[in-house]
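See structure below.
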Amino acid sequence: MDAEGPQALSDLCLAQVCCSLDALCSRRADGSMCLSRAPLFPQEMVDQLLCNMATKGILNDTTIGIFRNCKELRLRRASITCCPVSAEAFLLALCPHRLQELDASWVSGGLTVANIVSGLASNPECRSSLQRLSLSGLRLGWESLEEDGGTRVGFSSLQGLRILNLANTDLTDAVLEDVCSLPQLETLDISCSAVSELTALLDCRNTLRSLIAHRLQQLDMSPARLLFVLSQLHALRHLDFSDDHITVEDSDERDGDETVRQLLEGSPQVLPSLVSLDISGRKRITETGVRAFVEARSGLVFLGLLATSASSCDFLSSQKNLKVTGETNENQVCEALRRYRDRECFILEALAHLYNLIADTDKARPDILKLVLRGMQSHPTSLHIHLVATTCVLSLTSRDVVEAMPVSLLSSTVTQLLYTMKTFPSHQQVQRNCLLALCSDYILQDVPFDKYLAATLVINCLSSHEDPTLQRMAVAVISILVAKLSTKETALLSKDLFIMKQLLAIVQQKAMVGVVDATLKFALSALWNLTDEMPTAARNFIECQGLELYEEVLENNIAEVEELQADLQEEDLLEHILSLLQDSEMEVGVRYFAGGILAQLASRPEAWTLGDELHSTILKQLHASIMTWTPLEREMVSYRSFHPFCRLLQACQPTGVQLWAVWAIHLVCSQNTSHYSSMLEEEGVTELLKALVAHPDTHSDIKGLSDSILRMVEQQQSH
38 MDAEGPQALS DLCLAQVCCS LDALCSRRAD GSMCLSRAPL FPQEMVDQLL
88 CNMATKGILN DTTIGIFRNC KELRLRRASI TCCPVSAEAF LLALCPHRLQ
138 ELDASWVSGG LTVANIVSGL ASNPECRSSL QRLSLSGLRL GWESLEEDGG
188 TRVGFSSLQG LRILNLANTD LTDAVLEDVC SLPQLETLDI SCSAVSELTA
238 LLDCRNTLRS LIAHRLQQLD MSPARLLFVL SQLHALRHLD FSDDHITVED
288 SDERDGDETV RQLLEGSPQV LPSLVSLDIS GRKRITETGV RAFVEARSGL
338 VFLGLLATSA SSCDFLSSQK NLKVTGETNE NQVCEALRRY RDRECFILEA
388 LAHLYNLIAD TDKARPDILK LVLRGMQSHP TSLHIHLVAT TCVLSLTSRD
438 VVEAMPVSLL SSTVTQLLYT MKTFPSHQQV QRNCLLALCS DYILQDVPFD
488 KYLAATLVIN CLSSHEDPTL QRMAVAVISI LVAKLSTKET ALLSKDLFIM
538 KQLLAIVQQK AMVGVVDATL KFALSALWNL TDEMPTAARN FIECQGLELY
588 EEVLENNIAE VEELQADLQE EDLLEHILSL LQDSEMEVGV RYFAGGILAQ
638 LASRPEAWTL GDELHSTILK QLHASIMTWT PLEREMVSYR SFHPFCRLLQ
688 ACQPTGVQLW AVWAIHLVCS QNTSHYSSML EEEGVTELLK ALVAHPDTHS
738 DIKGLSDSIL RMVEQQQSH
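No gaps in the numbering here: position 420 of the sequence shown is 457 in the working numbering, and each next residue is one more.
In structure tokens, the structure reads:
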């Protein structure tokens with residue numbers, strides 16, 4: 038059982054509802070959805086359903102229609118973050134509910150702050166019930182608001198608001214004045230907005246407990262005036278006045294930095310009750326100032342010092358109850374990753390320092406891996422973050438620690454890596470990092486993820502980059518992935534002539550220079566699995582001049598496709614394959630595949646068109662060569678079915694043919710008994726093996742291997 042345990046039943050049920058909406062819903066005249074039979078949902082479950090739909094990317098003007106039913110589906114905490122929802126759909130579906138919380142951050146579809154505020158204010162219940170509102174990333178659109186009964190509709194109409202997020206908006210000084218008139222306002226986020234004056238904050242000096250004012254680039258206040266305003270916020274406990282240290286010029290935030298310096302080094306009577314101060318990214322901060330500020334405020338529990346060069350202050354390590362973001366140690370960096378999830382500049386800074394701290398880690402750290410993944414998910418289009426994050430993932434999933442990680446976490450990790458590969462296809466280092474992480478036998482064999490998607494992405498990577506190291510990794514991953522695909526997926530992949538050409542191009546490249554290396558072997562293995570019982574793929578292989586290439590390096594099972602066997606009846610080709618079989622210096626894997634082709638062709642004397650002497654030599658050499666092979670520890674090949682072996686196991690077949698078949702079955706069964714034992718039973722292979730053992734003319738070598746296979750099957754069944 039995974040360390041994190043199974044999914045909650047409620048989550049599984051909601052996921053099923055999400056993927057079955059079309060079947061569960063009818064359509065209104067305007068095209069919006071309506072549940073055909075809507076039971077009275079538990080209220081919390083309705084909030085979760087909306088959130089799940091948003092998270093899965095299926096919430097839009099059509100699907101949000103199911104929430105127009107306020108009687109059975111009662112929303113209280115609504116989240117439509119990043120969803121394409123129009124003003125009309127929002128008004129019809131969400132505004133009639135007695136909402137307590139709404140997160141409409143970064144909503145697309147033309148929805149503005151003005152639409153949301155006026156829509157919510159149109160519901161008398163929402164005017165008093167709504168306590169938390171997040172509108173980050175939206176345009177105000179205030180000019181579109183109309184007078185409502187002679188009174189302009191603004192934030193002040195939502196009298197119950199306690200928490201308001203207007204970060205990354207075009208918030209103006211005038212609108213800020215309206216916001217600060219709210220009688221119960223406790224938390225306000227105006228980060229990255231266009232405000233130039235904070236004097237309006239004095240209107241909520243007795244209620245405001247938390248002010249987040251990160252990166253106010255247009256702020257135009259003298260340090261003295263700004264410090265005065267802050268000092269009057271008597272209820273303030275949390276202050277974030279951090280800045281983006283990457284994009285800001287030295288002169289841009291000089292006043293802000295000076296304000297911070299004066300706050301740290303000034304009178305302890307200014308904001309004496311602060312428990313949290315974030316000044317990450319600010320310049321001109323001294324260790325002396327930090328120490329003086331902390332010593333004067335015994336209740337301080339958090340201090341943000343990332344990218345300030347002040348987090349290395351020895352004094353901080355003695356403050357056991359104080360959490361710090363910085364770059365000095367693992368605790369500080371991880372705290373930064375936790376707190377700055379939505380801030381690209383700080384996540385990038387923290388990841389860069391994290392890589393240096395974990396480069397030589399020798400123990401599993403799932404807690405840190407989760408933080409890295411969260412940073413990648415929060416900034417899906419940031420090349421810089423994904424470049425640094427994938428190097429961190431590499432260190433955190435190295436061969437020494439990967440098996441100690443929860444499987445579900447590794448599955449999420451691979452899914453994220455695949456997203457990264459898809460998002461940045463042309464960036465060679467990002468592709469290399471992702472492939473390095475995927476080049477793990479444990480991940481490829483034991484971790485569940487979309488292997489078809491992975492195969493297509495890796496093949497695209499192979500075609501886009503000529504770097505030898507990257508190509509070697511890509512082919513290695515492909516060779517394993519194609520063996521893990523379902524028959525339907527393999528058929529789909531095998532029809533793509535481009536894929537066949539890519540793999541054969543690698544074979545040709547290696548053959549031209551006479552190099553037999555890992556890249557070549559993996560390419561050949563991938564071709565084997567792509568053509569396994571796939572006539573279309575095998576035909577593509579021949580049309581792409583695959584046979585000519587395989588006269589130099591051959592390791593393919595197109596011989597199993599009977600209608601193509603005539604194409605292989607060329608004396609020079611078969612003599613070359615025979616030489617591979619007989620070469621004791623050649624790896625067992627190559628000799629194995631060569632033997633498979635010869636066994637398939639020699640098993641059909643009625644289709645044999647070459648001389649009897651060559652046929653006899655092949656059968657003799659098959660037996661002699663196979664008896665010298667040593668078992669392979671690494672899984673070299675996988676079979677979706679043993680049907681091609683059934684004809685080879687008939688009592689009438691020559692000894693060499695039978696021996697190759699039982700050796701092949703014994704190989705895969707010994708490597709993965711649980712997977713193949715049931716297949717042997719279902720496809721009647723165990724009966725054929727028993728018949729061989731009982732037949733008086735069966736060679737003792739074949740009887741021995743057959744007995745061994747049957748014992749493995751019996752032991753597996755007894756378990």
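Each residue gets a CB set at the ideal place from its N, CA and C atoms; glycine is no exception. Just so you know, these numbers come straight off a predicted model, no measurement behind them.
Tell me whether residue i sits in a helix, a strand or coil according to DSSP, three-state version.
i      : result
Lys521 : helix
Ser63  : strand
Met38  : With a pLDDT of only 36 at Met38, under 50, the local geometry of the prediction cannot be trusted, and the value read off the model is given with reservation. Coil.
Thr224 : strand
Val54  : helix
Gln414 : helix
Ala231 : coil
Cys132 : coil
Pro681 : helix
Ile249 : strand
Asp379 : coil
Thr365 : coil
Arg169 : strand
Asn497 : helix
Met70  : strand
Ser640 : coil
Ser755 : helix
Leu201 : strand
Compute the beta-carbon to beta-carbon distance between residue i and residue j, rounded to the nearest angstrom, for a pair I have assumed lies under 8 Å.
i      : j      : result
Arg252 : Ser228 : 6 Å
Leu499 : Val512 : 7 Å
Ala631 : Leu618 : 4 Å
Glu386 : Ala329 : 25 Å between Cβ atoms; not a contact.
Val409 : Leu388 : 7 Å
Ile395 : Ile422 : So it is not a contact: roughly 16 Å between Cβ atoms.
Spatial neighbours of residue i within its chain, please: C-beta separation below 6 Å, excluding the five flanking residues on both sides.
i      : result
Lys521 : Lys488
Thr710 : Met749, Gln753
Phe339 : Ser313, Lys360
Asn202 : Ser171, Ser173, Asp226
Ser69  : Thr99, Gly102
Asp185 : Note that Asp185 scores 43 on pLDDT, short of 50, meaning its location in the model is unreliable; the coordinates nonetheless yield the value given after this. Answer for Asp185: no residue qualifies.
Ser743 : Val699, Leu726, Leu729, Val730
Phe559 : Val512, Ala513, Ser516
Lys532 : Thr573
Ser562 : Ser516
On the CB-based measure, 16 or more other CB atoms within 10 Å of its CB, does residue i come out buried or exposed?
i      : result
Met664 : exposed
Cys689 : exposed
His390 : buried
Ser348 : buried
Phe535 : exposed
Gly187 : Confidence at Gly187 is low in this model, with a pLDDT of 37, below 50, so the placement of that residue is unreliable and no value is reported for it.
Leu157 : buried
Asn781 : Here the chain comprises residues numbered 38 to 756, so residue 781 is not present and cannot be evaluated.
Ser142 : buried
Cys50  : exposed
Glu372 : buried
Arg319 : buried
Cys132 : buried
Thr667 : exposed
Ala52  : exposed
Leu112 : buried
Using C-beta distances below 7 Å, list every residue in its chain close to residue i, excluding the 5 sequence neighbours before and after it, in chain order.
i      : result
Val484 : Val444, Leu447, Ser448, Val451
Ser288 : Note on Ser288: pLDDT 49, under 50, position unreliable in the model; the coordinate value appears next. So no residue of the chain qualifies.
Ser233 : Asp210, Gln255, Leu256, Asp257
Gln269 : Leu239, Arg242
Can you find the residues in the same chain that come closer than 8 Å, C-beta to C-beta, to residue i, ignoring five residues on each side of it along the sequence?
i      : result
Ser477 : Thr434, Arg436, Val439
Pro642 : His652
Lys657 : Gly693
Val266 : Leu235, Thr236, Leu238, Leu239, Met258
Ile739 : Thr692, Gln695, Leu696, Val699, Leu729
Is residue i near the ligand COA, going by C-beta to nearest heavy atom under 7 Å?
i      : result
Thr244 : Among the ligands in the structure shown, none appear at all, so the ligand COA cannot be discussed.
Which residue spans inside the stretch 276 to 351 form an unbroken beta strand (DSSP E) run of at least 3? 313 to 315, 339 to 341, all fully within the stretch 276 to 351.
Can you list the alpha helix (DSSP H) stretches of 4 or more residues lying completely in the stretch 385 to 436, in chain order? As far as the stretch 385 to 436 is concerned, its whole alpha helix (DSSP H) runs of at least 4 residues are 403 to 415, 420 to 433.
Which residue spans inside the stretch 88 to 163 form an unbroken alpha helix (DSSP H) run of at least 4? Assignment of alpha helix (DSSP H) within the stretch 88 to 163, counting only whole runs of 4 or more residues, yields 124 to 130, 150 to 158 in chain order.
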